[in-house]
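Heads up, the thing below is written out as structure tokens.
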Amino acid sequence: MKVIHPLALGILMVSLVVGCAPTANTGPLVEHKSAYNFTVDNSRCQGTYRNLFIYRNNVILGQVQGEPRVFLDVPAGSADYKAAPVLGTSRPFLKTIRLEDNSTWQVCP
């Protein structure tokens, strides 16, 4: 009968413990993301609403110019959005949106 060296036994025990440790992939199969893609579509808008600045909680996300634009990795959760014309004195569109998945805001109905 062979005797196992104590060092080899220690290495074997550590590898067994590490192999059984939970990983980041364990747990429920539900994926909770912290950011989503947010599309702003102003393709139906006319006049000064063809070129809009888009804001999230009063911080500018970017500009939309008459066709859908996707803003990548917008933080999840509820926020106040504003679509303000680049030119002119037309009133901005305001909307509170809760991002829980990839979403589209159709600015002009």
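Here our numbering is used: position 95 in the sequence shown is 714, and no number is missing along the way.
Just so you know, even glycine gets a beta-carbon here, dropped at the ideal spot from N, CA and C.
{"Asked": "Would you kindly work out how many angstroms separate the C-alpha atoms of D720 and T658, rounded to a whole number?", "Found": "11 angstroms"}
{"Asked": "Excluding five sequence neighbours on each side, which residues of the same chain lie with their C-beta closer than 6 angstroms to the C-beta of Q684?", "Found": "N670"}
{"Asked": "The beta strand (DSSP E) with V705 in it runs from where to where?", "Found": "Looking at the DSSP string, V705 is not in any beta strand (DSSP E), and its letter there is neither H nor E."}
{"Asked": "Under three-state DSSP, which class holds R717?", "Found": "strand"}
{"Asked": "Which of the three DSSP states is assigned to R669 in this structure?", "Found": "helix"}
{"Asked": "Would DSSP call A695 helix, strand or coil?", "Found": "coil"}
{"Asked": "In whole angstroms, what separates the C-alpha of R688 from that of I679?", "Found": "14 angstroms"}
{"Asked": "Please tell me whether P694 and A703 are closer than 7 angstroms, where the distance is taken between their beta carbons.", "Found": "no"}
{"Asked": "Relative to the alpha-carbon of G696, which residue among F690, Q682, T708 and R717 has its alpha-carbon at the smallest distance?", "Found": "R717"}
{"Asked": "Classify N677 as buried or exposed, calling it buried when 16 or more other Cβ atoms lie within 10 Å of its own Cβ.", "Found": "exposed"}
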